[in-house]
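Colleague: For reference, each letter of the sequence shown is one residue, going 1250 to 1455 in my numbering.
So that we are looking at the same thing, I have put the structure below in structure tokens.
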Amino acid sequence: MEFLSRVWSYTRLAALVGIGALVAALGCGLGGGGDEGNTVSSLTAAGWSAFEVGDYVRARERFEEALDLDGRFADAYNGLGWSLAKLDDLDEALANFQTAMDEGPSLIDPLAGRAIVFSDSEDSEEAVTTASLLLAADPDYVFAHDASVSAADIRMVKAKAHCNLGEFAEALYEVQRIEPSFYVDISTTEGRRMLLEKIEELIDLV
1250 MEFLSRVWSY TRLAALVGIG ALVAALGCGL GGGGDEGNTV SSLTAAGWSA
1300 FEVGDYVRAR ERFEEALDLD GRFADAYNGL GWSLAKLDDL DEALANFQTA
1350 MDEGPSLIDP LAGRAIVFSD SEDSEEAVTT ASLLLAADPD YVFAHDASVS
1400 AADIRMVKAK AHCNLGEFAE ALYEVQRIEP SFYVDISTTE GRRMLLEKIE
1450 ELIDLV
């Protein structure tokens, strides 16, 4: 996915140093023994551990196993949505994010995931709507399982979507929330081009 691949960290050295802890957390799920000790919470935790070191296939498997035990466990749907998004299964990611919000209305991580997926799917109206909901709920948002995904990223999702919709004033406003000194004349073609370039620059930086 374009946006995800550009704003998410590809390596997490600290997490990789702790890979032994991940193996221990996954326990029997790595093969060999039985799974009598697995609970929906432990499987979900194992899913997030795998996600945090970039093993999205294993993460998906653990979240699916958690949901086999409890089909209403919101955070497992949340994790499954993020894992599927990283695996470029965008439609299924959106479906799982929606279920996560239905089962756990207090969760806001699914909003961040949906905003990014809508952006990558070029559904600009939904990207704006969902990003706005997230930023209203938590203007200082940081994704607990990948700190490289933050409110600043969601603002750039929103800014890019506004540009796609021809809403350049709104896009400029979001950029200025990140870089207050930036200004271009959005009534001109050159100004709009510079705005788009700034959004792409900030997507790479934030």
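Quick reminder that beta carbons are idealized off the backbone N, C-alpha and C, glycines included.
For Gly1330 and Gly1296, which I take to be in contact (beta-carbon distance under 8 Å), what is that distance rounded to the nearest angstrom?
Modeller: Contact doesn't hold; Cβ gap of about 11 Å is too wide.
Colleague: Taking only three categories from DSSP, how would you classify Val1398?
Modeller: coil
Colleague: Going by CA-CA distance only, name the one from Asp1395, Ala1408, Thr1293, Phe1346 that's closest to Ile1452.
Modeller: Ala1408
Colleague: Report the option in Asp1324, Arg1363, Val1391, Ser1430 whose CA atom is closest to the CA atom of Ala1380.
Modeller: Arg1363
Colleague: For Thr1288, is the classification buried or exposed, using 16 other Cβ atoms within 10 angstroms of its Cβ as the cut-off for buried?
Modeller: By the neighbour-count rule (16 or more Cβ atoms within 10 Å), Thr1288 is not buried but exposed.
Colleague: If you reduce the DSSP assignment to three classes, tell me which class Val1391 lands in.
Modeller: strand
Colleague: For Ser1355, collect the residues of the same chain with a Cβ closer than 6 Å to its Cβ; drop the 5 residues on either side in sequence, then sort them by chain order.
Modeller: No residues qualify anywhere along the chain.
Colleague: Can you give me the C-alpha to C-alpha distance between Glu1416 and Leu1444, rounded to a whole angstrom?
Modeller: 12 Å
Colleague: Given that a residue counts as buried once 16 or more other Cβ atoms are within 10 Å of its Cβ, and exposed if not, what is Ala1299?
Modeller: buried
Colleague: What three-state label does DSSP hand Ile1403 in the structure shown?
Modeller: In the three-state scheme derived from DSSP, where H, G and I count as helix and E and B as strand, Ile1403 is classed as helix.
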